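Following: one structure in structure tokens, then a few remarks.
2 protein chains.
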Amino acid sequence: MREITGFKNGVYAPVNDITIPVDNIGVNRGYGAFDFFGVINNKPFFLNRHLDRFFRSLELLRLKIDFSRQQVEAYIEEVIKQNNTGDFFMKLFAIPLNSDTAPSLNCGFYIVPVSFMPFGKEIYVNGCSLITKEYERFAPEAKSTNYLPLIYWHNEICTAGAIDVLYHSNGTIKETSRGNIFIVKNNIVSTPGSDILRGISRSIVIDIAKSANLRVKEKPVSLDELFTSDEVFLTSTTKKVLPVVKIDGKTIYSGLVGPVTKMLMNEFDKLREQCRNN
Amino acid sequence: MREITGFKNGVYAPVNDITIPVDNIGVNRGYGAFDFFGVINNKPFFLNRHLDRFFRSLELLRLKIDFSRQQVEAYIEEVIKQNNTGDFFMKLFAIPLNSDTAPSLNCGFYIVPVSFMPFGKEIYVNGCSLITKEYERFAPEAKSTNYLPLIYWHNEICTAGAIDVLYHSNGTIKETSRGNIFIVKNNIVSTPGSDILRGISRSIVIDIAKSANLRVKEKPVSLDELFTSDEVFLTSTTKKVLPVVKIDGKTIYSGLVGPVTKMLMNEFDKLREQCRNN
């Protein structure tokens, strides 16, 4: 297997050499910021939005890296060039370098390219299942490295034949462990607007829906509204726009992928193709 | 500075060489188990109880290490011997070795000795302050590496002159970020009995209180009960039995360290001295 090159806080290095001392806050206290984006034909997909969010996560978590946004962009470009593997994903990490807990935490900044097997076509044709759990992510607007509940519930998700877990709290749905949730009812597209991580795919889908003259509401969505929707779908960097047809074993509407979801999937894929061919 | 020797999943190694790949679940997903105990005069303090809890955390988090309890004990003994630094602390870690999410997660097992400056005498004479936050640890009975809220609130804790944050949820207090909480009212000692990490110092203090013929109740404790207590104290491996005289800026009772707390502090220290001199 070809060695993958990443960026290790100032130097390009094989990704296997990018390690964190076990006693640092990044491991010992599970504290750090993270972002994740797609690279299509060696071009990052909506990089600006991802970097906006990454730097926002740093701010929310009081993390400091030694590099400006411009430098981060240049390092990402160089990592893509050095690997030249066409379609893949990139992880950005800011992980505290030591174990003190000063007002701001000095971080190592790391870029890690990862390959990821795309989901099969069937799941986009037939839709996927979710399970739900009462939970709300801590400091939800920051993309922290805290995914304890996801890994904790992983077996239960798999056993249920679900693709992810949808979190809800006080009767309203929030987000999935790694994505955002949308419902469609009477041609109105709704998605939770607060106490969530604002996904980049989420923002792209909102743009597409508005361009298509659909009404989009960012508002609290109750569990009742979820289960009585005409259509449900989720968005994420790896899953793109993914139709949801079953939640906690209950079929949503007809159990088939709805027309609004189909349109959004189609337009989203067009943007990816534009990125590829530009 | 003398090099500190730890244990790195099968080999003794300098602690600085004990690292985790950034892309592993231990960093990327903040998933792992942890324990922490004191070593007094090269002898671990209540090791059996700590190991009971460590192996229970592994079970709750579906983590597997390659070593039996007997082996773990032998490795701890050898790490203590190789360092021979008298009084210090030890961290045990089980961190997933790779990024898949199989039914059980194969972990690296690590032993990391750490030094820690003891708290000054004054805080035991005058008592400490806490702030409170609405929060409940996820999978609270497992000592996971998820301390996101603690680090997130660290500045606020410091600014308030507090030593830690006390979590409460649905009107009842739970635990501090790294310790357990007790109240005393009319000579009855009460402490939350569920949805918490059962601290080893907590269990020792319960034993001491019962031996002293005090009534001990493990039961839900409301915020009201907390603020109208005669005495409040917390327990932890580094803080031992620490009197709390102020919470959210409000003075508890007279603002002085109470007699039950004093007795428990004293008896706890006796057990530490027994460990030292045995």
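From first to last, the protein sequence lines are chains A and B. When the letters of the first sequence are read in order and numbered with the working numbering, they come out as residues 998 to 1275. When the letters of the second sequence are read in order and numbered with the working numbering, they come out as residues 998 to 1275. Glycine residues also receive a C-beta, built at the ideal position from the N, C-alpha and C atoms. Since this is a predicted model, take the numbers as computed values, not measurements.
Taking DSSP as the reference, what is the three-state secondary structure of T1014(B)?
Locating residue 1014(B) in the second sequence gives position 17, where the first residue counts as 1. In the sequence as presented, Thr is not what sits at residue 1014(B); that position holds Asp. It is helical.
Starting from the beta carbon of P1146(B), find every residue of chain A whose beta carbon is closer than 7 angstroms, and list them in chain order.
Taking the first residue of the second sequence as position 1, residue 1146(B) is located at position 149. Using a Cβ-Cβ cut-off of 7 angstroms, P1146(B) is close to F1135 of chain A, given in chain order.
For Y1132(B), tell me which candidate among N1183(B), I1120(B), N1006(B), G1168(B) has the shortest Cα-Cα distance.
On the second sequence, position 135 is the one that residue 1132(B) refers to. Among N1183(B), I1120(B), N1006(B), G1168(B), the Cα nearest to that of Y1132(B) belongs to G1168(B).
C-beta atoms of P1137(B) and L1220(B) nearer than 8 angstroms
Within the second sequence, numbered from 1, the residue matching residue 1137(B) stands at position 140. Within the second sequence, numbered from 1, the residue matching residue 1220(B) stands at position 223. At the C-beta level, P1137(B) and L1220(B) stay beyond 8 angstroms of one another.
Can you confirm whether V1111(A), when its beta carbon is compared against all beta carbons of chain B, has any partner nearer than 8 angstroms?
In the first sequence, the residue the question calls residue 1111(A) occupies position 114. Chain B contact via Cβ: present.
Closer than 6 angstroms by C-beta to N1143(B): which residues in its own chain qualify, once you throw out the five before and the five after it? Chain order, please.
Translated into positions along the second sequence, residue 1143(B) becomes position 146. The residues are G1027.
Are any of the Cβ atoms in chain A nearer than 8 angstroms to that of R1026(B)?
Translated into the one-based positions of the second sequence, residue 1026(B) becomes position 29. For R1026(B), a Cβ of chain A is located within less than 8 angstroms of the residue's own Cβ.
Excluding sequence positions up to five away, which residues of its chain have a Cβ less than 8 angstroms from the Cβ of G1003(B)?
Indexing the second sequence from 1 puts residue 1003(B) at position 6. Its chain contains Y1009, A1010, P1011, V1012, I1015, V1076, Y1107, I1108, V1109, P1110 as the residues whose beta carbon lies nearer than 8 angstroms to that of G1003(B), once the 5 sequence neighbours on both sides are disregarded; these appear in chain order.
Starting from S1187(B), follow the beta strand (DSSP E) in both directions and report where the run begins and ends.
Looking up residue 1187(B) in the second sequence gives position 190. Boundaries of the beta strand (DSSP E) around S1187(B): 1185 to 1188.
Report the rounded CA-to-CA distance for N1038(A) versus I1001(A), giving the unit in angstroms.
Taking the first residue of the first sequence as 1, we reach residue 1038(A) at position 41. Taking the first residue of the first sequence as 1, we reach residue 1001(A) at position 4. Taking the straight line from one Cα to the other gives about 17 angstroms.
Under 9 angstroms Cβ-Cβ, which residues of chain B neighbour L1058(A)?
For this step, residue 1058(A) is matched to residue 61 along the first sequence. The contacting residues are L1145, I1148, Y1149.
Can a CB atom of chain A be found closer than 8 angstroms to the CB of F1161(B)?
Locating residue 1161(B) in the second sequence gives position 164, where the first residue counts as 1. Going by the sequence as given, residue 1161(B) is Asp instead of Phe. Nearest CB-CB separation between D1161(B) and chain A: not below the 8 angstroms threshold.
Inter-stretch contact (C-beta, 8 angstroms, three-pair minimum) for the region 1034 to 1052 of chain B and the region 1115 to 1133 of chain B:
No: fewer than three Cβ pairs fall under 8 angstroms.
Ranges of the beta strand (DSSP E) found wholly within the region 1078 to 1152 of chain A, counting only runs of at least 3
Taking 3 residues as the minimum length, the beta strand (DSSP E) runs contained wholly in the region 1078 to 1152 of chain A are 1085 to 1093, 1102 to 1111, 1125 to 1131, in order along the chain.
How big is the Cα-Cα spacing for S1251(A) and N1177(A)?
Walking along the first sequence from the start, residue 1251(A) turns up at place 254. Walking along the first sequence from the start, residue 1177(A) turns up at place 180. Near 22 angstroms, if we compare the C-alpha coordinates of N1177(A) and S1251(A).
Please decide whether P1100(B) counts as near chain A, where near means a Cβ-Cβ distance under 8 angstroms.
Residue numbering aside, residue 1100(B) sits at position 103 when the second sequence is read from its first letter. At least one CB atom of chain A sits nearer than 8 angstroms to the CB of P1100(B).
CB contact below 8 angstroms: Y1107(A) versus chain B:
For the purposes of this step, residue 1107(A) is taken as the residue at position 110 of the first sequence. By this cut-off, Y1107(A) is an interface position.
Kindly give me the distance between the Cβ atoms of A1030(B) and K1140(B), rounded to whole angstroms, as I take these residues to be in contact under 8 angstroms.
By 1-based counting over the second sequence, the position of residue 1030(B) is 33. By 1-based counting over the second sequence, the position of residue 1140(B) is 143. In this structure A1030(B) touches K1140(B) by the C-beta definition: roughly 6 angstroms separates them, less than 8 angstroms.
For the region 1004 to 1034 of chain A, enumerate the residues whose C-beta is nearer than 8 angstroms to any C-beta of chain B, in chain order.
Residues passing the 8 angstroms Cβ filter: V1012, N1013, I1015, T1016, I1017, P1018, V1019, D1020, I1022, G1023, V1024, N1025, R1026, G1027, Y1028, G1029, F1031.
Per DSSP, which one or two residues make a beta bridge with E1074(A)?
Here residue 1074(A) refers to the residue found at position 77 when the first sequence is read from its first residue. Paired residues: none, contrary to the question.
By alpha-carbon positions, which one of V1162(B), M1087(B), N1183(B) ends up nearest to D1245(B)?
Position 248 of the second sequence, counting from 1, holds the residue named residue 1245(B). The residue among V1162(B), M1087(B), N1183(B) with its C-alpha nearest the C-alpha of D1245(B) is V1162(B).
Would you mind telling me which residues of chain A sit closer than 8 angstroms to S1141(B), beta carbon to beta carbon, in chain order?
In the second sequence, counting from the first residue as 1, residue 1141(B) sits at position 144. By Cβ distance, chain A contributes G1027, L1145.
Within chain A, partners of I1092(B) - CB distance below 8 angstroms:
By one-based count along the second sequence, residue 1092(B) stands at place 95. Within 8 angstroms of the CB of I1092(B), the CB atoms of chain A belong to V1019, V1024, in sequence order along the chain.
Runs of alpha helix (DSSP H) lying entirely within the region 1178 to 1245 of chain B, each at least 4 residues, in chain order
Fully enclosed alpha helix (DSSP H) runs of 4 or longer: 1197 to 1208, 1220 to 1224.
Does the CB of N960(A) have a neighbour CB from chain B at under 8 angstroms?
An answer regarding residue 960(A) cannot be provided, because it is not within the stretch 998 to 1275 covered by chain A.
Residues of chain A with a CB under 9 angstroms from the CB of K1088(B): which are they?
Here residue 1088(B) is taken as the residue at index 91 of the second sequence, counted from 1. Residues of chain A with a Cβ closer than 9 angstroms to the Cβ of K1088(B) are, in chain order, V1019, D1020, N1025.
In three-state DSSP terms, what is L1060(B)?
The residue labelled residue 1060(B) in the question sits at position 63 within the second sequence. The answer is strand: DSSP assigns L1060(B) an E or B state.
How far does the alpha helix (DSSP H) with V1257(A) in it reach, from first residue to last?
Translated into the one-based positions of the first sequence, residue 1257(A) becomes position 260. Element bounds for V1257(A): 1256 to 1274.
Below 8 angstroms, how does it come out for the region 1111 to 1119 of chain A and the region 1065 to 1079 of chain A: are there three or more Cβ pairs, yes or no?
Cβ pair count under 8 angstroms is below three, so no.
Give the DSSP-derived three-state secondary structure of D1161(A) in the structure shown.
Here the question's residue 1161(A) lines up with position 164 in the first sequence. Look at D1161(A) here: in three-state DSSP terms it is strand.
Out of I1022(A), K1259(A), F1113(A), I1062(A), which one is the CA nearest neighbour of L1231(A)?
Residue numbering aside, residue 1231(A) sits at position 234 when the first sequence is read from its first letter. Closest by alpha carbon: K1259(A).
Given I1185(A), which residues of its chain have a CB within under 7 angstroms of its CB, disregarding the five upstream and five downstream residues?
Walking along the first sequence from the start, residue 1185(A) turns up at place 188. Within the same chain, R1212, K1214 come within 7 angstroms of I1185(A) by CB-CB distance, once the 5 residues on both sides are set aside.
K1243(B) vs S1198(B) beta-carbon contact at 8 angstroms:
Sequence index remark: in the second sequence, residue 1243(B) carries index 246 (1-based). Sequence index remark: in the second sequence, residue 1198(B) carries index 201 (1-based). Taking 8 angstroms as the Cβ cut-off, K1243(B) and S1198(B) do not qualify as a contacting pair.
F1042(B): which of N1263(B), V1181(B), D1084(B) sits nearest, CA to CA?
As a first step, residue 1042(B) must be located in the second sequence, where it is residue number 45. Ranking the options by Cα distance to F1042(B), first place goes to D1084(B).
Skipping 5 residues on each side, what residues in its chain have a beta carbon closer than 8 angstroms to that of K1005(B)?
As a first step, residue 1005(B) must be located in the second sequence, where it is residue number 8. Within the same chain, and ignoring the five residues on either side of K1005(B) in sequence, the residues whose Cβ sits closer than 8 angstroms to its Cβ are D1014, I1015, G1105, Y1107.
Going straight from the alpha carbon of G1035(B) to that of N1103(B), what length do you get?
Numbered from its first residue, the second sequence carries residue 1035(B) at position 38. Numbered from its first residue, the second sequence carries residue 1103(B) at position 106. Distance between the alpha carbons of G1035(B) and N1103(B) is about 27 angstroms.
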